[in-house]
Amino acid sequence: MRYMTAGESHGKGITAILDGMPANLYVDKDEINRELKRRMLGYGRGGRMKIESDEVEIVSGIRGGFTTGAPITLFIKNRDYENWSNIIGADATELGKKTVTKVRPGHADLSGCIKYAQSDARNILERASARETAARVAVGAVCKILLKELGIIIGSHVVEICGVKSGYRYSSVEEIIEKSDESDVRCIDATAAEKMRAAIDIAVKNGDTAGGVVEVVAAGMPVGIGSHTAYDRKLDYIVSGHMMSVQSVKCVEIGLGRGYAERYGSEVHDEIFIKDGAVFRETNNAGGIEGGISNGEDIVVRCTLKPIPTLMKGLRSIDLITREPVKAEPERSDYCATPAGGVVLEAALAFALASAITDTLGGDHIDELKARAEQKRTAENGSR
Ligand code: EPS
Numbered sequence: 000m001r002y003m004t005a006g007e008s009h010g011k012g013i014t015a016i017l018d019g020m021p022a023n024l025y026v027d028k029d030e031i032n033r034e035l036k037r038r039m040l041g042y043g044r045g046g047r048m049k050i051e052s053d054e055v056e057i058v059s060g061i062r063g064g065f066t067t068g069a070p071i072t073l074f075i076k077n078r079d080y081e082n083w084s085n086i087i088g089a090d091a092t093e094l095g096k097k098t099v100t101k102v103r104p105g106h107a108d109l110s111g112c113i114k115y116a117q118s119d120a121r122n123i124l125e126r127a128s129a130r131e132t133a134a135r136v137a138v139g140a141v142c143k144i145l146l147k148e149l150g151i152i153i154g155s156h157v158v159e160i161c162g163v164k165s166g167y168r169y170s171s172v173e174e175i176i177e178k179s180d181e182s183d184v185r186c187i188d189a190t191a192a193e194k195m196r197a198a199i200d201i202a203v204k205n206g207d208t209a210g211g212v213v214e215v216v217a218a219g220m221p222v223g224i225g226s227h228t229a230y231d232r233k234l235d236y237i238v239s240g241h242m243m244s245v246q247s248v249k250c251v252e253i254g255l256g257r258g259y260a261e262r263y264g265s266e267v268h269d270e271i272f273i274k275d276g277a278v279f280r281e282t283n284n285a286g287g288i289e290g291g292i293s294n295g296e297d298i299v300v301r302c303t304l305k306p307i308p309t310l311m312k313g314l315r316s317i318d319l320i321t322r323e324p325v326k327a328e329p330e331r332s333d334y335c336a337t338p339a340g341g342v343v344l345e346a347a348l349a350f351a352l353a354s355a356i357t358d359t360l361g362g363d364h365i366d367e368l369k370a371r372a373e374q375k376r377t378a379e380n381g382s383r
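Quick note on numbering that gives the first Met the number 0: the sequence shown kicks off at 0 and runs consecutively.
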């Protein structure tokens, strides 16, 4: 399975093409739109979300609600394009408007302009923008529908914003799914959520931004997805690459992650037990992956998102053209994208798992794939 996205933040819209989805899967468009709406929420979002009302248009690959096996094209219109039509786009003539030369530290502005020989960072930031994540969420929503058919569900919650930590420890993905969206910071610990909001308020007041950590969890994975035999078939390689590719993510931890460095082996490895013929663990420090292979426990991934590099107060930088020291130019932006980032990271995990599952199990249509997943689960229980 593979996908690609195209589109600029203020262009006509954002497009995704998802290839390799098995045929005969019922795709409820409302499910995709529901995920798109979730991505638009969150305390600390900027003004753009008041303009947009993201909705998917399915352009190809789905007929009468069912996948045909052909590439699926998903399009999300940018309402803001009305304000930018003559500035962005193939036929634009007002190219001197809305130029950006006071490049932002932490953003793609400077490196992108050098790499692509651009004198206007607009040509870089339009594509580097987190607006692109709308397309990823649409792709992830289709993958989530596939995973649900296979008995796999995904949820996420915010565990930290600007140093404020959630005291919530997850016990089930169902609980995360049910409770995290009730909070506008997507944090299940109400006391911590209050403090997170206060930390974001300070960022807004000071023209600053705030980052955080999101935990993303998938339950229902069969044993045996991925492989220990080659680096590029390892499930942790596949998962971490997709998570790391999301805008703002600077750190991906699987299971105990950094915590492995702090303890002895006897304290961290998940011991193996058997009862009535069924294998089980009492802990899941491995985050559901051992030797690059899913072990049947929940997949647990934590991602750190940096504070967005667009600061209203502006950091010290240079002007790309004059080469003079300046304050970096603020653009309308978010103050904290971590709550919405969780929704995007769920989508990234959904694609990573759907892709690894179809690579491992094959299956041109959904019944074939379901039967193969069922075989895996039977083998997992010890019968052959
Ligand atoms: C975003 C769209 C962007 C930003 C934000 C997220 O729209 P605009 O640039 O018009 O305000 O609000 O993107 C960024 C924070 C970023 O660094 O690019 C969206 O749709 O999520």
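No residue lacks a Cβ here, since even glycine has one placed at the ideal position from N, Cα and C.
Give every residue of the same chain whose Cβ lies closer than 7 Å to the Cβ of residue i, excluding the five residues on either side of it in the sequence, and list them in chain order.
i	result
Tyr230	Tyr236
Ile307	Thr208, Ser247, Ser332, Asp333 and Ala336
Asp269	Arg280, Thr282, Asn283, Asn284 and Ala285
Gly429	In the structure as shown, the chain starts at 0 and stops at 383, and residue 429 therefore has no counterpart that could be examined.
Thr92	Asn85
Trp83	His9
Decide if residue i is buried, meaning its Cβ has at least 16 other Cβ atoms within 10 Å, or exposed.
i	result
His227	exposed
Phe279	exposed
Tyr167	buried
Ser382	The pLDDT assigned to Ser382 is 45, lower than 50, so where the model puts this residue is not dependable; a value taken from the coordinates is nonetheless given after this. Answer is exposed; the Cβ neighbour count stays below 16.
Ala202	buried
Gly46	exposed
Leu146	buried
Lys204	exposed
Lys396	Not covered by the structure: residue 396. The range shown for the chain is 0 to 383.
Lys233	buried
Gly341	buried
Arg301	buried
Thr4	buried
Gly295	buried
Ser59	exposed
Lys101	buried
Ser293	buried
Tyr115	exposed
Glu56	exposed
Arg262	exposed
Arg130	buried
If you drop the 5 nearest sequence neighbours on each side, which residues of the same chain put their C-beta closer than 6 Å to that of residue i?
i	result
Ala347	His241, Met242 and Val245
Ile50	Arg78 and Asp79
Ser165	Val158, Cys186, Asp188 and Ala191
Arg38	Val136, Ala339 and Val342
Thr14	Ala5, Gly6 and Phe74
Lys388	Residue 388 lies beyond the residue range present for the chain, which begins at 0 and ends at 383; the question has no answer from this structure.
Gly111	Ile123
Just to confirm the assignment, what range does the alpha helix (DSSP H) spanning residue i have?
i	result
Asp29	Lys28 to Met39
Ala202	Ala189 to Lys204
Met48	Arg47 to Ile50
Leu234	Leu234 to Met243
Thr132	Thr132 to Glu148
Ala385	Residue 385 falls outside the range modelled here, since the chain spans only 0 to 383, and no answer is possible.
Ser179	Val172 to Ser179
Gly225	Run containing Gly225: none; DSSP gives neither H nor E here.
Ile113	Asp108 to Lys114
In terms of residue numbering, what span does the beta strand (DSSP E) encompassing residue i cover?
i	result
Glu252	Val248 to Ile253
Leu17	Gly12 to Asp18
Val215	Gly211 to Ala218
Glu56	Val55 to Ser59
Ile151	From DSSP, Ile151 is part of no beta strand (DSSP E); its letter is neither H nor E.
Leu4	Inspection of the sequence shows that residue 4 is occupied by Thr rather than by Leu. Start and end: Arg1 to Ala5.
Ile317	Arg315 to Ile317
Kindly list the residues whose CB is nearer than 8 Å to the CB of residue i, restricted to its own chain and excluding five residues on each side of it in sequence; keep chain order.
i	result
Phe272	Val278, Phe279, Arg280 and Glu281
Ala22	Phe65, Thr66, Thr67, Gly68, Asp363, His364 and Ile365
Gly361	Glu367, Leu368 and Arg371
Asp27	Gly64 and Ile144
Pro393	Since the first and last residues shown for the chain are 0 and 383, residue 393 lies out of range.
Just checking: is the beta-carbon of residue i within a distance shorter than 8 Å of some beta-carbon in chain C?
i	result
Arg103	Among the chains in the structure shown there is no chain C, since it carries only a single protein chain.
Can we count residue i as close to the ligand ATP, meaning its CB is less than 7 Å from some heavy atom?
i	result
Gly45	No copy of the ligand ATP appears in this structure; the ligands present are the ligand EPS.
Point to revise | Entirely enclosed alpha helix (DSSP H) segments - the stretch 326–377, minimum 4 residues | key: 337–360
Point to revise | Start-end ranges of the beta strand (DSSP E) lying completely within the stretch 72–103, minimum 3 residues | key: none
Check your understanding: Which ranges does the alpha helix (DSSP H) cover as unbroken runs of at least 4 residues, wholly within the stretch 262–307, from first to last along the chain?
Key -> 264–267
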